[in-house]
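These notes are about the structure you will find just below.
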Amino acid sequence: MSKAQRKSPLLRASLSLFIIIWLIMAAFPFLWTLWGSFKVELDFFSITDWTDALTGPRTEATYGSPFTGAGYEGAWIQEEFWRAGINTTLVCIFVVCTSLTIGTLGGYALSRSGFKYVFWLLIAALIFRAMPPITLVAGYLLPFFEWNLWGHLATTVIVLVAINQPFTLWMLHSFFMKIPKDLDESAMVDGCTRFQAFRHVIIPVMWPGVITTGLFSFLLAYNDFAVTAMLLSKENQTMVPKIASFLGTTQTEGNVMFAVAAVVSATAPLFVLVMFFQRQIVSGLTAGAVKG
Amino acid sequence: MKHRTFFWFFLPSGLAMLLFIAFPIVSVLIQSVYAPHEAVLVTVENSGPFGITKSTSIDQEATEALRAAEPLGRFVGSQIYFDRGHLAINELASLWQTTETWGDFTSRLGNLPFYRALSFTLTYTFTTVPLLMALGFMIALAVNTLPGALKGLTIFFSLLPMIVTPIIGSLILFWMIDSRGVIGSLLQYLADDPNLSLKASTPLVWISIIVYGIWHSAPFAFVVFYAGLQTLPQDTLESAQIDGATRWQQIRYVTIPHLMPLVTFVALIKLMDNFRVFEEIVGFNAEAHATSLSWIIFNDLGGETRLLSSASATSVLTIIGVAILLSPVLVRTWRDFNEKSH
Amino acid sequence: MKHFKLALLSATAVAAFATTSYADGHANCGIEAGRVSIVGNEFPAIQTIGSGAKACASDTVEVKANLTADHQKINVAGMTGNPAEYTTAIVANSSIVALMNEDVIRPLDDLVAKHGDGIKPNQLITVGGKVMAVAFMANAQHLVYRDDILKEAGVEVPKTYEDMLAAAKVIRDKGILQNPVGGAYKAGWNLAQEFNNMYIGYGGQFFKDGSAEVSINNEQGVKALEMMKSLSEYMNPDFLTHDSNATSAEWKAGNVALMNMWGSRTGALVDAEGTAPEVIEHTSLASPMTVGGGSTAATTLWWDGWTVAKNISDEDAEATFLAMKAAIDPSILNETTTPQAVWLIDGYEPSPQSAGVFGAVEMAATPYPMLPYQGLLHTALGAELADFMQGKESAEQALADVEAAYTAAAKENGFLQ
Numbered sequence: 003m004s005k006a007q008r009k010s011p012l013l014r015a016s017l018s019l020f021i022i023i024w025l026i027m028a029a030f031p032f033l034w035t036l037w038g039s040f041k042v043e044l045d046f047f048s049i050t051d052w053t054d055a056l057t058g059p060r061t062e063a064t065y066g067s068p069f070t071g072a073g074y075e076g077a078w079i080q081e082e083f084w085r086a087g088i089n090t091t092l093v094c095i096f097v098v099c100t101s102l103t104i105g106t107l108g109g110y111a112l113s114r115s116g117f118k119y120v121f122w123l124l125i126a127a128l129i130f131r132a133m134p135p136i137t138l139v140a141g142y143l144l145p146f147f148e149w150n151l152w153g154h155l156a157t158t159v160i161v162l163v164a165i166n167q168p169f170t171l172w173m174l175h176s177f178f179m180k181i182p183k184d185l186d187e188s189a190m191v192d193g194c195t196r197f198q199a200f201r202h203v204i205i206p207v208m209w210p211g212v213i214t215t216g217l218f219s220f221l222l223a224y225n226d227f228a229v230t231a232m233l234l235s236k237e238n239q240t241m242v243p244k245i246a247s248f249l250g251t252t253q254t255e256g257n258v259m260f261a262v263a264a265v266v267s268a269t270a271p272l273f274v275l276v277m278f279f280q281r282q283i284v285s286g287l288t289a290g291a292v293k294g
Numbered sequence: 002m003k004h005r006t007f008f009w010f011f012l013p014s015g016l017a018m019l020l021f022i023a024f025p026i027v028s029v030l031i032q033s034v035y036a037p038h039e040a041v042l043v044t045v046e047n048s049g050p051f052g053i054t055k056s057t058s059i060d061q062e063a064t065e066a067l068r069a070a071e072p073l074g075r076f077v078g079s080q081i082y083f084d085r086g087h088l089a090i091n092e093l094a095s096l097w098q099t100t101e102t103w104g105d106f107t108s109r110l111g112n113l114p115f116y117r118a119l120s121f122t123l124t125y126t127f128t129t130v131p132l133l134m135a136l137g138f139m140i141a142l143a144v145n146t147l148p149g150a151l152k153g154l155t156i157f158f159s160l161l162p163m164i165v166t167p168i169i170g171s172l173i174l175f176w177m178i179d180s181r182g183v184i185g186s187l188l189q190y191l192a193d194d195p196n197l198s199l200k201a202s203t204p205l206v207w208i209s210i211i212v213y214g215i216w217h218s219a220p221f222a223f224v225v226f227y228a229g230l231q232t233l234p235q236d237t238l239e240s241a242q243i244d245g246a247t248r249w250q251q252i253r254y255v256t257i258p259h260l261m262p263l264v265t266f267v268a269l270i271k272l273m274d275n276f277r278v279f280e281e282i283v284g285f286n287a288e289a290h291a292t293s294l295s296w297i298i299f300n301d302l303g304g305e306t307r308l309l310s311s312a313s314a315t316s317v318l319t320i321i322g323v324a325i326l327l328s329p330v331l332v333r334t335w336r337d338f339n340e341k342s343h
Numbered sequence: 008m009k010h011f012k013l014a015l016l017s018a019t020a021v022a023a024f025a026t027t028s029y030a031d032g033h034a035n036c037g038i039e040a041g042r043v044s045i046v047g048n049e050f051p052a053i054q055t056i057g058s059g060a061k062a063c064a065s066d067t068v069e070v071k072a073n074l075t076a077d078h079q080k081i082n083v084a085g086m087t088g089n090p091a092e093y094t095t096a097i098v099a100n101s102s103i104v105a106l107m108n109e110d111v112i113r114p115l116d117d118l119v120a121k122h123g124d125g126i127k128p129n130q131l132i133t134v135g136g137k138v139m140a141v142a143f144m145a146n147a148q149h150l151v152y153r154d155d156i157l158k159e160a161g162v163e164v165p166k167t168y169e170d171m172l173a174a175a176k177v178i179r180d181k182g183i184l185q186n187p188v189g190g191a192y193k194a195g196w197n198l199a200q201e202f203n204n205m206y207i208g209y210g211g212q213f214f215k216d217g218s219a220e221v222s223i224n225n226e227q228g229v230k231a232l233e234m235m236k237s238l239s240e241y242m243n244p245d246f247l248t249h250d251s252n253a254t255s256a257e258w259k260a261g262n263v264a265l266m267n268m269w270g271s272r273t274g275a276l277v278d279a280e281g282t283a284p285e286v287i288e289h290t291s292l293a294s295p296m297t298v299g300g301g302s303t304a305a306t307t308l309w310w311d312g313w314t315v316a317k318n319i320s321d322e323d324a325e326a327t328f329l330a331m332k333a334a335i336d337p338s339i340l341n342e343t344t345t346p347q348a349v350w351l352i353d354g355y356e357p358s359p360q361s362a363g364v365f366g367a368v369e370m371a372a373t374p375y376p377m378l379p380y381q382g383l384l385h386t387a388l389g390a391e392l393a394d395f396m397q398g399k400e401s402a403e404q405a406l407a408d409v410e411a412a413y414t415a416a417a418k419e420n421g422f423l424q
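As structure tokens, then:
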């Protein structure tokens, strides 16, 4: 905000209050889960009384202390959650890279072409996105088994990239629309080919949009359940289906505290990631590369 | 841009979508008008650890011939679309004739699975989308005024509801709103009703899922709007200030128009996502109170015997539903597009 | 009727979670060469089978196992191709139907004739005279109760659901527990299963003889629903969201004194961390209850067993048969593996935990029907009964809805014209 206008104390106070209330709403369930992950199941669910989750009487009765790392030990050591972590890392890296590479090319093309088919392509992409993923995945099973593609990380990466492509295209299309056409067109007047213009003029200024889009691709890959649960074999399982498998089935008991500890563990790397990239977003955008 | 250049730029992305989305959609369309062959049933005697029982089984040899003759199944046209599990044309007609009042008609309509699912799906979509966009916009404006050091932390915590997997996020919330959970207990205390349960009454389950939906998706609107705010043209803003525009007028006439393409974008994505609401229902164990179109598909595919044709028909209906829902936004995009290309 | 204190068992039950290790005596299981690929659920007993089969691996024999809770969603697709990805699927009596409907598993008669020594005749699942699967464990839902609370209330252990209601009333009236009855009544599969139990208990028949035409909208159906409604009045008001996990948690917290629960879950009821000491000490098992003066137990019997894929070479089929046979060899039973299930394997000594399931077998309870269209009815029941349980519609209306939903599904699948 510019110096020309100062905020009144009232506005400042209500803004702070709003932010604080929102932060409590946003963060409380996670802090609660983080706290609860060091308890035993019955305390965490507080089926007897909600205060059990705070004080942990049953945890104390079992382990002699109101905190226990049993959930983490079980998930990471006994159930080898780290394997799922490695798989998730691989899937995320490849999904984000592939998705952004082909998405920026496609999104750039869509933003710079004025023909009618661009509109219809965008609409088609939207319709594609309307397809419920469970139906898509159910349709993949038979051919994937037939062609021996089922169960591999690579297959899942490609499917996730494809399923997320409509979103990526739309998002990057909007961002590229904001980059003035004169920028690359003047480069082409200077003798660059379209690709060279893209390479030397557009790529340096596109990062804010690309990073935001990449963040969403990452989250999609990181959080996906429908695709990963159905298309990955047990040894290639990623974190989310692994967590779901801790929850048990109708006829057998799961271990919910493993799941809770794993949820907390799975959220931790996101902390680092977001802290890192939010700086990229802010600095990239305020550097003045993109003028509205 | 020339057609040729466009083609090469768009090829990888287009190919991925063609192979993994367009072809499956076509196969789903075909699947929805074909059904499995009539099964030739035979009475057989089964035995196992618990003794001998008389049972029925499929005569595979007799059925095999039918399958070989028509591998796609039997053609049923629109029959599945109109049966009780979907649009229920016959049931609808008889309801129309037997009910006297509109109230009676709509309440009995809720007994048909498709319409029951549709009523929740639409309510959910049309309440969550505007509210989550408003909330996201307010957070974006508020965070934008924070000093640098606080921004990072606030952004991280604001993103938490979105970055956690929906199926797990809704489970966590589901545990917390239990009548003995922390939020459930708080509400009981506030409402002064020790027997209040958010899970046992249909309206309260709906409200819980809607609140969860807003909570879960507001960060998405927030982060998109926040990124948009970073490109806000400072000179326009300053000239508005010099002209004596109030803060509200600046937001109304500078910020919102600048963010409009992003508003359209967020609305598009969230209308579509929320129309396909599914994980929330599973996470909240809410099948008894609320179902959605995607949940019907899941239920058809998840049973002991899978109903592929039925699931395909519901998927096609979902796509049509999304297309209808998005048509106003699409018309807008069409106009924008024509303006920009001329 | 058998009653056992589960507390005696908690020590061994804890051991059940420890790593499995046993004699790898069956070095190559008599397999020369071939490919074995297993798909199945992931609970401990099946993990034991999986590692048992893996012990047969050698330079010429490849053994893989994909044990996951989602096995039912992938097994048909994974056995359809030629050659099939999976050479064997571990299934139960409900889920073998999907494999038989799609004709992806082979009759095992020739393999049983050649290599079947050591498999007990009652382990063979035959359909129309053909062996389709080999069962290795059994399961059933049965009564679990808290002997201390029943004693305090001065009631006998219920033998019928009517007794259960009466006992629940006494417990509530005496102020011992507000909601003494537990039950996995979650809308969907669980609720449908409870209806199946009750309907069988009242002597109902699901279908008209020899046809796929459903007939549940009758006196037995209405009675079954009314009994479920009466029971639900003594349950936690959120019962429509309680699956068997949630119901077990209620039990472990000591909020419930009577419930109908899966035999396979009873071990975990007393071994989980933090379970109240009085629950550990006083959890007891009994045979399934009857209802409405009938003599048929209001429950169903279940088996788990393995099958062999149709679309694989005979060599692979033989290798698979031998590996799976080795996996259910009596030698796999030891301290760790014995409490994992009610094994149907020779040499299995029934443990106190298996009392309820054995009770069900002794009462000659009805096995869960292996009809090609039973699964469709199960899904229809799960989706349509919740309205009745919430008091939104009458029992007759709910059952009519179930019949209509089933009929639409059965027509689509070609079971009805």
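Chains as they are written, first to last, in this note's numbering: chain A, 3 to 294; chain B, 2 to 343; chain C, 8 to 424. Glycine residues also receive a C-beta, built at the ideal position from the N, C-alpha and C atoms.
So with CB distances below 7 angstroms, who are the chain B contacts of residue i?
| i | result |
| --- | --- |
| C/Asp-248 | Going by the sequence as given, residue 248 of chain C is Thr instead of Asp. Chain B residues near C/Thr-248: Lys-200, Asn-286. |
| C/Phe-328 | Simply none; closest approach about 18 angstroms. |
Whose C-beta lies closer than 7 angstroms to the C-beta of residue i among residues of the same chain, with five residues either side of it excluded?
| i | result |
| --- | --- |
| C/Ser-239 | Tyr-192, Phe-246, Met-396 |
| C/Gly-32 | With a pLDDT of only 44 at C/Gly-32, under the threshold of 50, the placement of this residue in the model should not be trusted; the figure read from the coordinates follows. Hits under 7 angstroms: Ser-338. |
| B/Glu-340 | none |
| C/Gln-227 | Tyr-206, Tyr-209, Gly-210, Gly-211 |
| A/Phe-278 | none |
| A/Ile-21 | none |
| A/Thr-90 | Tyr-224, Thr-240, Met-241 |
| C/Cys-36 | Cys-63, Leu-329, Ala-330, Ala-333 |
For residue i, go through chain C and note every residue whose CB falls closer than 9 angstroms to its CB, in chain order.
| i | result |
| --- | --- |
| A/Phe-40 | By Cβ distance, chain C contributes nothing, its closest Cβ being about 12 angstroms from A/Phe-40, past 9 angstroms. |
What in chain C is Cβ-close to residue i, meaning under 7 angstroms?
| i | result |
| --- | --- |
| A/Ser-201 | Here the sequence assigns Arg to residue 201 of chain A, which means Ser is not the residue at that position. What A/Arg-201 touches in chain C: nothing, since even the nearest Cβ is about 43 angstroms away. |
| A/Gly-256 | Asn-252 |
Sorted by chain position, which residues of the same chain lie with C-beta nearer than 8 angstroms to residue i's C-beta, five sequence neighbours on each side aside?
| i | result |
| --- | --- |
| B/Leu-42 | Thr-57, Ser-58, Ile-59, Asp-60 |
| B/Ile-53 | Glu-46, Asn-47 |
| A/Leu-25 | none |
Give me the Cβ distance between residue i and residue j, rounded to the nearest whole Å; I'm assuming they're in contact under 8 angstroms.
| i | j | result |
| --- | --- | --- |
| B/Phe-223 | B/Ile-90 | Not a contact, Cβ separation roughly 44 angstroms. |
| C/Ser-294 | C/Met-370 | 6 angstroms |
| C/Asn-186 | C/Met-242 | 6 angstroms |
Just to confirm my understanding: we take residue i, look at its own chain, exclude 5 residues before and 5 after, and list those with CB closer than 6 angstroms. What are they?
| i | result |
| --- | --- |
| B/Met-273 | Val-323 |
Identify the contact partners of residue i in chain A, using a Cβ-Cβ distance below 7 angstroms as the criterion.
| i | result |
| --- | --- |
| C/Asp-77 | Ala-231, Met-232 |
For residue i, which residues in chain B fall below 9 angstroms Cβ to Cβ?
| i | result |
| --- | --- |
| A/Asp-51 | Arg-181, Ser-186 |
| said: Pairs of beta-carbons, one from the region 138-145 of chain A and one from the region 174-192 of chain A, closer than 8 angstroms: are there three or more? | reply: These segments do not touch.
| Cβ-based contacts, 7 angstroms cut-off: residues of the region 349-367 of chain C near chain B | Within the region 349-367 of chain C, the qualifying residues are Leu-351.
| request: With 7 angstroms as the limit, tell me which residues of the region 227-248 of chain A have their beta carbon closer than that to any beta carbon of chain C; keep them in chain order. | output: Per Cβ criterion, the list reads Ala-231, Met-232, Ser-235, Lys-236, Ser-247.
| request: Mind checking the region 132-158 of chain C against chain A and listing, in chain order, the residues whose C-beta falls within less than 7 angstroms of any C-beta there? | output: In summary, the residues of the region 132-158 of chain C whose CB is separated from some CB of chain A by less than 7 angstroms are Asn-146, in the order they occur in the chain.
| Looking at chain C, which residues of the region 44-63 of chain B have a Cβ within less than 8 angstroms of any of its Cβ atoms? | Taking 8 angstroms as the Cβ-Cβ cut-off against chain C, the residues of the region 44-63 of chain B that qualify are Thr-44, Val-45, Glu-46, Asn-47, Ser-48, Gly-49, Pro-50, Phe-51, Gly-52, Thr-54, Ser-56, Thr-57, Ser-58, Ile-59, Gln-61.
| Contact between the region 69-86 of chain A and the region 125-143 of chain A: three or more CB pairs below 8 angstroms? | No: the two stretches stay apart, fewer than three of their Cβ pairs being nearer than 8 angstroms.
| request: Would you be able to state if there are at least three C-beta pairs under 8 angstroms between the region 32-39 of chain A and the region 250-259 of chain C? | output: The region 250-259 of chain C is not in contact with the region 32-39 of chain A.
| query | Taking any Cβ of chain C, which residues in the region 260-277 of chain A have a Cβ under 7 angstroms from it, in chain order? | reply | Answer in chain order: no residues at all.
| field | Chain-ordered residues of the region 183-209 of chain C with a beta carbon less than 7 angstroms from chain B | value | Result list: Lys-193, Ala-194, Gly-195.
| Proximal residues, the region 84-95 of chain A versus chain B, C-beta separation under 8 angstroms | Those would be none; no residue qualifies.
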